[in-house]
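Enquirer: Each step along the sequence shown adds one to the number in UniProt numbering, with nothing skipped, and position 1194 is 1194.
Every residue gets a Cβ at the ideal spot worked out from N, C-alpha and C, and that includes glycine.
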Amino acid sequence: MTSAYASVQQWHHANAVHLACKADLFDQRPSLVVVRSNVVEVYAVVDDRPLRLRHRLVLQGTPVDVKPARFPGSQRDSLLLTFMDALLSRLDFNPETNRFETTAMHAYEMPKRKLGGVNDFQPPLLCVDPQQRCSAYVVASDSIMIWPFTDRVEFGAVHVTSDAPKGVVSQHGVETRAGLVVDLSEYGVDRIKAITFLNGFLEPSVLVLHDPEHTWAGRTAAKPSTCVLTSISISLDTGKHWLIANEKGLPYDAESLLALPMPVGGALVFSSNLVMYHKQKMEAALSVNEFGDRVTTLRVSPTQPTHCAPFCMERAAVAALAPDAFVIGTRAGDLHLLTLQTLGDSIRSMDVTRVTRSHIASCLCALSPSLLFIGSKLGDSLLVRYETTTVEVDVSSGAPDGDRQPDRDDAAMDILFRETPGADRRVVPTLSATVRDSLFCVAPLTRIRMTQSGTPARAEMVACSGYDRTGALLVLDDCVRPTQLASFDIKQPATGCWSLLADDDALYPTFVVIGQESRTLVRRSTGDELLTVDQSGFCTEEATVAAGNVAGRERIVQVLRRSVRLLRADTTATLIAEIAVDGVVQSAHVCDPFVALLLDDGSLLFGDAAAPALTLERVPRDTAPVAIALYRDRGTSGLFSARSMADPQASAGLLCNEVGGADDDDAPVAAADEEQQQRVRFLLVDTLCDDDLARPVLIAALANDDILIYNAFPSPAGHAPVPLAWSRFDHGRLTRPLMASGVVSTAPFAVKFDAIAGRSGVFVGGVRPCTLRVCTLPDGVAYEGGMAVRRKPLRATPILLTFHVDSGMVALLTLRKAPVWSVEEVTARSVPVQDNRCALHLCRNGSFDIVDTFDEMEHDGEETILAVEDAPLAVGGAADGKRIPFLAVGTANVESEEVQCRGRILLFRVHDTTPSDATGAGMRLNLAFESKEIGPISAIAAVQGCLCVAVGLRVVMYRWDADRLVGCAFFDADFYAVSLAAAKGFIVLADVYNSAYLLYWEPRLKQVMLLGRDPVYTEVYAADFLIDGDDLSVVVADAHGNLRLVGYAPYRPDSLGGRRLLRRADIHLGTRVTSFVRLRGRDLSGMTVSRGGRYPLVGAGIDGSVSCLAPVTETLYRRLYSLTTLLTFQVRHLGGLNPRQYRAWKAAGRGDILTTNCVRNVVDIDFLLRFAGLDYALQGQLAQSIGTTPDQIVDNLLQLQLSSSMQPYLA
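1) So, V1020 versus V1008, is the Cβ gap smaller than 7 Å?
2) So what does DSSP say about T1193, is it helix, strand or coil?
3) Within a Cβ cutoff of 8 Å, which residues of the same chain sit near D414, ignoring the five residues on either side of it in sequence?
4) Going by Cα to Cα distance, which pick from A596, A580, L1061 and C539 is closest to R587?
5) According to DSSP, is A1172 helix, strand or coil?
6) Alpha carbon to alpha carbon, how far is Q1130 from L1182?
7) Across the region 13 to 22 and the region 1094 to 1106, are there enough close Cβ pairs to call them in contact, namely three or more that are closer than 8 Å?
8) With a floor of 3 residues, list each beta strand (DSSP E) that falls wholly inside the region 1043 to 1098, ordered by position along the chain.
9) Name the two residues that bound the continuous alpha helix (DSSP H) containing Q516.
10) For a minimum of 4 consecutive residues, which ranges assigned as the alpha helix (DSSP H) are wholly contained in the region 533 to 582?
11) Determine the direct distance from the alpha carbon of C843 to that of G780, and round the result to whole angstroms.
12) By Cβ distance below 7 Å, which residues in the same chain neighbour L1010 in space, the five residues on each side in sequence not counted?
13) On the DSSP bridge list, what partners appear for Q1007?
14) What would DSSP say about T914, mapped onto helix, strand or coil?
15) When you compare each of P696, R621 and C308 to R52 by their alpha carbons, which one comes out closest?
16) Among residues of its own chain, excluding the 5 on either side of S235, which ones have a beta-carbon nearer than 8 Å to its beta-carbon?
17) At 3 residues or longer, and completely inside the region 838 to 913: list those beta strand (DSSP E) runs for me, N to C.
18) For A740, which of helix, strand or coil comes out of DSSP?
19) Going by C-alpha distance, which of M787, H214 and N836 is nearest M1206?
20) Looking at R436 and L501, is the spacing between their C-beta atoms short of 7 Å?
21) Along the chain, where does the beta strand (DSSP E) containing L500 start, and where does it finish?
22) What's the C-alpha gap between L683 and A44?
23) Between V1046, V275, E895 and G548, which lies nearest to V1159 when the distance is taken from Cα to Cα?
24) For the region 16 to 63, which segments carrying the beta strand (DSSP E) assignment without a break, of at least 3 residues, lie completely within its bounds, in sequence order?
25) To which residues does DSSP link R1132 through a beta bridge?
26) Residues in its own chain within less than 8 Å of T483 by CB, not counting five upstream and five downstream?
27) Leaving out five residues before and five after R561 in sequence, what residues of the same chain have Cβ atoms less than 7 Å from its Cβ?
28) Between which residues of its own chain and D691 is the CB-CB distance below 8 Å, once the five residues before and five after are set aside?
29) Take I144 and list the residues in its own chain whose beta-carbon comes closer than 8 Å to its own, dropping the five residues that flank it on each side.
30) What is the residue span of the alpha helix (DSSP H) that F291 lies within?
31) Which same chain residues end up closer than 7 Å to I1153 when comparing Cβ atoms and leaving out the 5 residues on each side of it in sequence?
32) Under the three-state reduction of DSSP, which class applies to R99: helix, strand or coil?
33) Let me make sure I understand the geometry here. Which of S368, N549, A1023 and A928 has the alpha-carbon closest to that of A23?
34) Is W216 near the ligand GDP - that is, is its Cβ less than 6 Å away from at least one heavy atom of it?
35) Please check the pair S7 and I1165, which I expect to be a contact at CB under 8 Å, by giving their CB distance rounded to whole angstroms.
36) Using 7 Å as the limit for Cβ to Cβ distance, is R449 near chain B?
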């Protein structure tokens, strides 16, 4: 066994929202801060507009908690983020650079270990004092850290922070004060569950919810009240602390705290069944179901049945809408309104009203008195406009009118309560809500498979997504697939293409102008065809440099090499005038009504095409520009003052890029005179959406095919003569051709588009074949997460899917909730009990319309399906025999604890009842064979014409004998198999607790042999093979978000004769991978990334991410690993986080001893792509340090991306 080297890249970003908060980060308008895995997104919030992304911060760590804080002397909030191992980072927005920058770092890992918490995995919960005096966050299960807010930031100064790690220098002047670690064990605090600051105290006072005594399901009847509330006052001047109050006897399932403002004060405590109010002591409690009614240690008041039905608040999200109104989001997807009736500084009563149904909330955040953000891990996150209203309920009926109505669609989000005439009615508060915007989310991904569709056949990646009402099938693609409307051969490469309108009411362009090297093609659009134009005012004998509509679609401008034509925007494009140019036009830009020309001698001409006579005036310049762009501001972006808008040239935003004079990465292109490949060949400045408040972006294309993107922001006073500055945006895309492909490097181009399939943005293109295609974007495809995603709603939970190759159909397993019978007496206060009912569907590939359903399990609630796989079985088990295309299904039957779990193997044939119908609507499932087993069928795999089945603890190999399955071999595993994967005769078995086994099927001996097992006991979610030529590795994904590669090496002494699989590589992915699918790697000319015959693995994450693990050669790995080391120490990382520590193996429990020394051998492509975003001078220095060139590094990264792509590389 040789060492295995691999690369990992995230194709689709994590999109499940874990945390959200409101902060004033930029101006007086509030901002929404959203945390998705290791990415922090900041959105601008305006009442009457959708959310607008302002900043996207990629961190080298996953935040556990985030809170805003206002420090002394600051005009805006800071972001405080906590990470595992007791890490705290402070981020501040710097208006001079338009970036978030790290201003403080606190690491309390060592004090935590000194207290004996080596294996203390307490989440670092964070809270901020309402009076902005300090913050507190948990550093151990019995300790918290208090950080006083005395820091003052001076951007631009360089000082050493007092508590920064050795060798770490802050980039700003920060007067910081070390935090105070408070040991709460003397007050009996242990296993902290939640913390918050209380209002109304002279000194900061912390309320701690903790659970010093663990309980479990079998003990709750005897000891249900194990949680304790402890309030502590802390003096920031002396560092002393003392006990205020201690309240015992809280329910074991108490989870969260919410402090109340003055004059009421105190805090609300939320458990699964109770809402409790604590103020020095427990003063009141509200029960929401029958379990809360049984609590005898507290004074409990039940909810009124006229207001809402009983519900459960387990892991509920809570947010304050007002001092006396709170919204609760439950795991059932319901929103409830909690209102407090107060009298002075006391609470008279509490009441709960059901509002509506929503996506299951992971967090709630009130952004304004009328906007509420609902973050979700199981569906799209919603921005909701709400209004507090009242509704009448029928007291005599015992239930509100809304609970008797069927639920509305999620997108409507209207109030469910309706008024009906009646005498016995009561007015209760509620909310009226409507959805204003949403954030796209496909989490969780539970199963991913490859299918083939279309003519010619193309590969598609299909995944199961969502939960319950948000369940859907996804089609993922790593490229944009526009819908082609028309095409024609243009014989020669095009230098530009423009669409022109000749009618004010026209919805589609009238003319299409294609510029070529020595001529111009003009086509007229008539429906779905593009016809040649014989006579018009366009010049077709010369090359067109630029064209566009001006004067409000009344005129057309055509810029040629030596002249400018002004035409009337009619059906014949009548020529109005032709203005000669003294020189050769190198480039031009048209921005209604202005025209700018750049000549070959560096001269710059500017004119107004809306004037009666077009006059081109020379613009004086001190240096010669190489590219130009026009941008006209609408006056609402806030970038230009009223005085500058009065100047026509300033309002048009004439932007020029000059060679030289830029020496940092914030200038619009750091280009050197001696390097022609870094010269700018194309510029575009425009907004990416139709929002009037949106700021423009600058897109620059270099001669070496690099694309640079900059965001515009107001220039600080006194820093520049013009009120505009630019900040570099790292897009992480490689746009160069491969060095070995022989493609001539040409500068890419960018085109702004509006209202195409309801979208606006910029198309970026490069080298293309000599064919013009007129296309539109397909409907229902989202491009927000890195991959093109098409979603097919199911309104059920998809669990399993597989592609039946013989019929070309997709088999899908879904779960739907259904009420079940309860052994307990059902009362009016009982929470409805539901269970999942499964159904197997046969879907048409591509559209995923259901054509047949096997719903036998829907009527039998005791049996469920655990495995579905395509299984072509050979008659007699011969590897080279004729295969019968079965669809294999494994079930389990769970009845009670006294009855042993059993299962069935079902083999289906898929046949076509209507062969004349090519759509597949006549495909049906036909049960061909059924076999009962003595255990659950948890996994199935086809191995060389045989069927490998995991039956409980045993793996059984079956062969098909004419009309039945015959067992021919077995292997006894340890606990419970969660997946089986096969590669020829090799089988990898993933055990839920005992990692992975490597088995081999020997058909001649009819024996399943154990080759080796992974000695690290981890909770495995999925396992598969990573194939690199003749080299085979087993990839194991565990519950801690790690990927580990193990291999079989019987000749190594430490493998114990091969019985122990040796670790070859590992990396922390940051997400739990639930399923793998193998792709066939693509061979590129001159490829050095692998030895050939490579099969990358694509994994689906529970947070909605899709990652690709691909093998690489040792030479390439060592080069890229050296670059990783340089980037780790030479480049600043947001939050002061360590990239190597983030990607290091993480484990807890039995695997700690065997995983202390990480092997690594896996490089992170997403982190290495930061190299392409550095300025060229720093790129050269880093490349020279490892003995290579920047072009070679970029080419290696491009090879890794293209060789693992789903689609062929054409360049």
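Expert: Quick answer:
1) no
2) For the sequence presented, residue 1193 should be read as Ile rather than Thr. Helix, per DSSP.
3) In this prediction, D414 scores a pLDDT of 35, lower than 50, which makes its location untrustworthy; the coordinate-derived value is nonetheless stated afterwards. Only T356, R408, S432, A433 and T434 meet the Cβ criterion.
4) As written in the sequence, residue 587 is Ser, which differs from the Arg given in the question. Among A596, A580, L1061 and C539, the Cα nearest to that of S587 belongs to A596.
5) helix
6) 9 Å
7) yes
8) 1062 to 1068 and 1073 to 1078
9) Looking at the DSSP string, Q516 is not in any alpha helix (DSSP H); the run it does join, the beta strand (DSSP E), is F511 to Q516.
10) none
11) The straight-line gap from Cα to Cα measures roughly 19 Å.
12) F971, Y997 and L999
13) E1002
14) T914 falls in the coil class under three-state DSSP.
15) Considering only alpha carbons, the answer is P696.
16) E203 and H241
17) The DSSP assignment places 850 to 854, 863 to 874, 883 to 893 and 903 to 912 as complete runs of the beta strand (DSSP E) inside the region 838 to 913, in order along the chain (cut-off: 3 residues).
18) Helix at A740.
19) Per the Cα distances, M787.
20) Not a contact, by the Cβ cut-off of 7 Å.
21) A494 to L500
22) 27 Å
23) Relative to the Cα of V1159, the nearest Cα in the group V1046, V275, E895 and G548 belongs to V1046.
24) 19 to 23, 31 to 36, 39 to 44 and 52 to 58
25) According to DSSP, R1132 bridges with nothing at all.
26) C775, T776, L777 and P778
27) E542, A543, V545, V584 and V585, listed in sequence order.
28) R49, P50 and R52
29) A136, Y137, V138, V181, V182, L184, I192, I195, V206 and V208
30) Taken as a continuous stretch (DSSP letters only), the alpha helix (DSSP H) holding F291 covers E290 to D293.
31) In this predicted model, I1153 has a pLDDT of only 42, less than 50, meaning its place in the structure is not dependable enough to derive any value.
32) strand
33) When only C-alpha atoms are compared, the closest one is S368.
34) As presented, the structure is devoid of all ligands, the ligand GDP included, so that no description of it is given.
35) With a Cβ gap of about 5 Å, S7 and I1165 count as contacting.
36) No chain B is part of this structure, which consists of one protein chain only.
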